[in-house]
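A.B. asks:
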Amino acid sequence: MENNDWTATTFYVIAAQQTLFMFLITLLISINRYIAVKYPLSYEHHFSKSKIIIILLCFIILSTMIGLGNIFLNPRYKKSGLYDYFIPYLESKNVIYYQIFCHFFIYGTISIATCIFNVMTVLTLKKHNKTNNKSKGNLNYIKYSIFIFITLFIVETFFICEFIALNNEIKFLSYIAIFLYFVGFDLTSVGDFYFLIYLSSELRKALKIAFGCSKKFSEKVNTKVIYRINYYIAVIIVCRLLYQNYALENSAKNNNFKSVSLEENESLRNFIKRDTIITPIAEVKETKYLEKRKVNKKIKNLVKKKSNKKKSIKKKPSKKEPSKQTTKKSSEKTTKNKPKTTKKSSETTTGKPITTITTTKSTTTTTKPGKFPHLISGVINKINDLRQKHHAKKLIVSETLVKLTREMSDQITTRWNGTYTKHFGMLEFIDYLVNRKNPFDIWIRGAEKINYDKLNETTVPKNFGQLVWVSTTNIGCHYVVYEHNNVICFICLFYPKGNIPGKYQKNVLKP
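Following UniProt numbering, the residues of the sequence shown are numbered contiguously, the last one being 511.
#1: Inspect the beta-carbon positions of Y77 and A177 and report whether they are closer than 8 Å.
#2: From Y198, Y97, N435 and Y420, pick the residue whose C-alpha is nearest to that of G476; which is it?
#3: Mind reading off the beta-carbon distance from V37 to T121? Whole number of angstroms is fine, and I expect it under 8 Å.
#4: So the beta strand (DSSP E) E428 belongs to, where does it begin and stop?
#5: The alpha helix (DSSP H) spanning L56 covers which residue range?
#6: Give the C-beta separation of F494 and G425 to the nearest angstrom, bearing in mind that I take them to be a contact with Cβ-Cβ under 8 Å.
#7: Less than 8 Å separating the beta-carbons of F159 and Y107?
#8: Count the other C-beta atoms from every protein chain shown that fall within 10 angstroms of the C-beta of N167, then say buried if there are 16 or more, exposed otherwise.
#9: Return the residue from the list F490, F11 and N486 that minimises the CA-CA distance to L380.
#10: Ignore the nearest five residues each way along the sequence and tell me which others in Q99's own chain have a CB closer than 7 Å to its CB.
#11: Within 10 Å of its beta-carbon, does E457 have 16 or more other beta-carbons around it, so buried, or fewer, so exposed?
#12: State the start and end residues of the unbroken alpha helix (DSSP H) segment that holds I25.
#13: Mapping DSSP to helix, strand and coil, what is G502?
#14: If distances are taken between C-alpha atoms only, which option among V468, I430 and S377 comes closest to K393?
#15: Do you know how far the Cα of L427 is from the Cα of N463?
#16: Can you tell me whether M65 is buried or exposed? The criterion is at least 16 other CB atoms within 10 Å of its CB, across all chains shown.
#17: Are the Cβ atoms of K509 and H374 separated by less than 8 Å?
#18: Which partner residues of L386 appear in the DSSP bridge assignment?
#19: Among the candidates V470, F105, V487 and L56, whose CA atom is the shortest distance from the CA of L386?
#20: In the DSSP assignment, what are the bridge partners of V190?
#21: So I396 packs on T472, CB below 8 Å; how close in whole Å?
#22: Closest by CA to K143, which one among N94, L196, H46 and S50?
#23: Can you list, in chain order, the stretches of the alpha helix (DSSP H) that have 4 or more residues and sit fully within the region 460-491?
#24: Determine the direct distance from the alpha carbon of S63 to that of Q18, and round the result to whole angstroms.
#25: Please report the straight-line C-alpha distance between I60 and V487, rounded to a whole angstrom.
#26: Taking the DSSP output, what are the residues bridged to K205?
#27: Report the residue from L20, Y34 and Y89 whose alpha carbon sits nearest the alpha carbon of C58.
#28: Tell me whether L395 sits in a helix, a strand or coil according to DSSP, three-state version.
#29: Tell me whether L455 sits in a helix, a strand or coil according to DSSP, three-state version.
#30: Excluding the five sequence neighbours on either side, which residues of its own chain have a C-beta within less than 6 Å of the C-beta of K336, listed in chain order?
#31: So, with DSSP's three-state summary, where would you put K78?
#32: With distances taken between CB atoms, is the gap from K382 to F429 smaller than 8 Å?
#33: Quick one, are the C-beta atoms of S42 and F117 less than 8 Å apart?
#34: Decide if H478 is buried, meaning its Cβ has at least 16 other Cβ atoms within 10 Å, or exposed.
#35: Name the one or two DSSP bridge partners that F147 has.
#36: Among F105, I154, E407 and I444, whose alpha-carbon lies nearest the alpha-carbon of N384?
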């Protein structure tokens, strides 16, 4: 695939051509309705058979020319994600100018023109309703014009949010863009087409004749319905449905929406990679094991100090009882008497504070980490590969950090209140499963813009800075899938903490 870049070029040309053609067809339908309402006597003149063919050919030529502009942006394929999938991308630095020209100037102008014609159509229909008897057909076309306005507004908002989110790496806007993508896709593909068929009886008859589903109805013309849509508009709408489906699907693929299916080849690759790393020298293993134990002790001491401070504030004076009872029994008693969620037991039978046993209860339905067995190992492998490029040692997995990430899974509101981030570096990834993004790819965004001659907390992205921080030695990761809304939450803790002001020159090294 890397040697066949012409396929990436074809992808971008077709995607741009289809999207622009969809917008142009929407504009044509709006103009068609306006002329039918405002100038019914000249309708046949403006929308004759020959003129419709010329208009469609011009639309195809114009949209194709815009699509061919992607050729000069050097489309390529690259490997991305945990499972080495190929995705198309534009290599040229002028991509942003092309996106501004297409998404804002062309699509925005067409959307504004479409909305203007729809508004004028609605106002004209209102005048007809005041002077004449209100007809059901007039009300239906008013409803459809409003529907088109809302649909175009959502689609254009999606393009704006997507553009801003990708170029400024704003996570909140990316979530909004995802939501608008699904809403806009449903409205433009299913809603728009079938809503118009539902409203227009003449269009239903025209479609039946076009596809040979019924006999031709009589040639009697109903003079009250002056807003009829002829056979050619029916064909245009069908073409629009097909084009917009492909266009929006290709837009989703362009945003790195990778497949979530797991491949056996990836697991084999990970095993081979581990076999090459493991050496038979027992002394090296023993040294690493001792270092790991020392670091785990330091982390546990930090956790104990943190919990002791909390207990000293919340703990109430209690009577001393025989020290034979264990802290585990006391926690069982408190959980039976007080079944509140995520509250640590405060009554003890000894004078020592409880530091590790907590009682948690969550109503959120989650899946076991076994759903994606190679996800955590794949992310850690990629982090270590990145650290090796930046002359930093590979991170060692700490079981203590892993336990902490498991405890944090249900603490959505208190995760960033300083309890964990005071001593540990934390990276978080939350997204819908349907987007199929890789946490590592999100965390390294902005790395290509770093100026290694001026390293500080403002020039280095925080996520990337923590990944390559030289002083960091340990890592622990965990993820949870919330099944009720198909959202994945992936968390990694790092120790010692990175992104320390004034220490970037020594800890973020040039590759």
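Every residue, glycine too, gets a C-beta built ideally from N, C-alpha and C.
C.D. replies: Judging by the given coordinates:
#1: Within the sequence shown, residue 77 is the residue found at index 77, counting from 1. Within the sequence shown, residue 177 is the residue found at index 177, counting from 1. Between Y77 and A177, the C-beta gap is not smaller than 8 Å, which leaves the two residues out of contact.
#2: Locating residue 476 in the sequence shown gives position 476, counting from the first residue. Comparing Cα-Cα distances from G476 to each of Y198, Y97, N435 and Y420, the minimum goes to Y420.
#3: Mapped onto the sequence shown, residue 37 falls at position 37. Mapped onto the sequence shown, residue 121 falls at position 121. Rounded, the Cβ-Cβ distance is 5 Å, consistent with contact.
#4: Against the sequence shown, residue 428 aligns to sequence position 428. Its beta strand (DSSP E) spans residues G425 to Y432.
#5: For this step, residue 56 is matched to residue 56 along the sequence shown. Taken as a continuous stretch (DSSP letters only), the alpha helix (DSSP H) holding L56 covers K49 to L68.
#6: Here residue 494 refers to the residue found at position 494 when the sequence shown is read from its first residue. Here residue 425 refers to the residue found at position 425 when the sequence shown is read from its first residue. Indeed they touch by this definition, with Cβ atoms about 4 Å apart.
#7: Translated into positions along the sequence shown, residue 159 becomes position 159. Translated into positions along the sequence shown, residue 107 becomes position 107. Against a cut-off of 8 Å, the Cβ pair of Y107 and F159 comes out as a contact.
#8: Numbered from 1 along the sequence shown, position 167 holds the residue referred to as residue 167. Classification of N167: exposed, given that the 10 Å Cβ count is below 16.
#9: Taking the first residue of the sequence shown as 1, we reach residue 380 at position 380. Sequence check: residue 380 is Ile here, not Leu. For I380, the nearest C-alpha among the options comes from F490.
#10: For the purposes of this step, residue 99 is taken as residue 99 along the sequence shown, with counting starting at 1. So the qualifying residues of the chain are F163.
#11: As a first step, residue 457 must be located in the sequence shown, where it is residue number 457. Exposed: under 16 other Cβ atoms inside 10 Å.
#12: On the sequence shown, residue 25 is found 25 positions in, with the first residue counted as 1. It spans D5 to K38 - the alpha helix (DSSP H) in which I25 sits, taken as one unbroken run.
#13: Walking along the sequence shown from the start, residue 502 turns up at place 502. DSSP places G502 in coil when its eight states are reduced to three.
#14: Here residue 393 corresponds to residue number 393 of the sequence shown, with the count starting at 1. For the residues V468, I430 and S377, the minimum Cα distance to K393 belongs to V468.
#15: Your numbering for residue 463 matches position 463 in the sequence shown. Your numbering for residue 427 matches position 427 in the sequence shown. Per the coordinates, the alpha-carbon of N463 lies some 7 Å from the alpha-carbon of L427.
#16: Numbered from its first residue, the sequence shown carries residue 65 at position 65. Exposed, since its Cβ has fewer than 16 Cβ neighbours within 10 Å.
#17: Numbered from its first residue, the sequence shown carries residue 509 at position 509. Numbered from its first residue, the sequence shown carries residue 374 at position 374. For clarity, residue 509 is Leu in the given sequence; the question names Lys instead. Contact annotation: L509 and H374 have beta-carbon atoms that are not nearer than 8 Å.
#18: Here residue 386 is taken as the residue at index 386 of the sequence shown, counted from 1. By DSSP's assignment, L386 forms no beta bridge with any residue.
#19: The count along the sequence shown starts at 1 and reaches residue 386 at position 386. For the residues V470, F105, V487 and L56, the minimum Cα distance to L386 belongs to V470.
#20: Taking the sequence shown and counting its residues from 1, one reaches residue 190 at position 190. According to DSSP, which records beta bridges pairwise, V190 is partnered with nothing at all.
#21: Counting from 1 along the sequence shown, the entry for residue 396 is found at position 396. Counting from 1 along the sequence shown, the entry for residue 472 is found at position 472. Not really, about 10 Å apart at Cβ, beyond 8 Å.
#22: Locating residue 143 in the sequence shown gives position 143, where the first residue counts as 1. Nearest of N94, L196, H46 and S50 to K143, Cα basis: L196.
#23: With a minimum length of 4 residues, the continuous alpha helix (DSSP H) runs that stay inside the region 460-491 are 462-468.
#24: In the sequence shown, the residue the question calls residue 18 occupies position 18. In the sequence shown, the residue the question calls residue 63 occupies position 63. Looking at the two C-alpha atoms, the distance is approximately 7 Å.
#25: Taking the sequence shown and counting its residues from 1, one reaches residue 60 at position 60. Taking the sequence shown and counting its residues from 1, one reaches residue 487 at position 487. As the crow flies, the alpha-carbon of I60 is around 40 Å from that of V487.
#26: What you label residue 205 is simply residue 205 of the sequence shown in a count that begins at 1. Beta-bridge partners of K205 (DSSP): none assigned.
#27: On the sequence shown, position 58 is the one that residue 58 refers to. Relative to C58, the option among L20, Y34 and Y89 whose CA is nearest is L20.
#28: Translated into positions along the sequence shown, residue 395 becomes position 395. In the displayed model, L395 falls within coil according to three-state DSSP, outside both helix and strand.
#29: For the purposes of this step, residue 455 is identified with residue 455 of the sequence shown, where counting begins at 1. Here L455 sits in coil by DSSP.
#30: Working through the sequence shown from its first residue, we reach residue 336 at position 336. With a pLDDT of 40 at K336, under the threshold of 50, the predicted position of this residue should be treated as unreliable, though the coordinate-derived value follows. So the list is empty, once near-sequence residues are dropped.
#31: Taking the sequence shown and counting its residues from 1, one reaches residue 78 at position 78. Looking at K78 - three-state DSSP - the assignment turns out to be strand.
#32: Stepping through the sequence shown from its first residue, residue 382 is reached at position 382. Stepping through the sequence shown from its first residue, residue 429 is reached at position 429. In this structure, F429 does not lie closer than 8 Å to K382 by Cβ.
#33: Against the sequence shown, residue 42 aligns to sequence position 42. Against the sequence shown, residue 117 aligns to sequence position 117. The Cβ-Cβ distance between S42 and F117 does not fall below 8 Å.
#34: What you label residue 478 is simply residue 478 of the sequence shown in a count that begins at 1. When all chains shown are included, H478 counts as buried.
#35: Mapped onto the sequence shown, residue 147 falls at position 147. Partner residues in a beta bridge of F147, as assigned by DSSP, do not exist.
#36: Along the sequence shown, read from residue 1 onward, the residue named residue 384 stands at position 384. With distances taken between CA atoms, N384 lies nearest to I444 out of F105, I154, E407 and I444.
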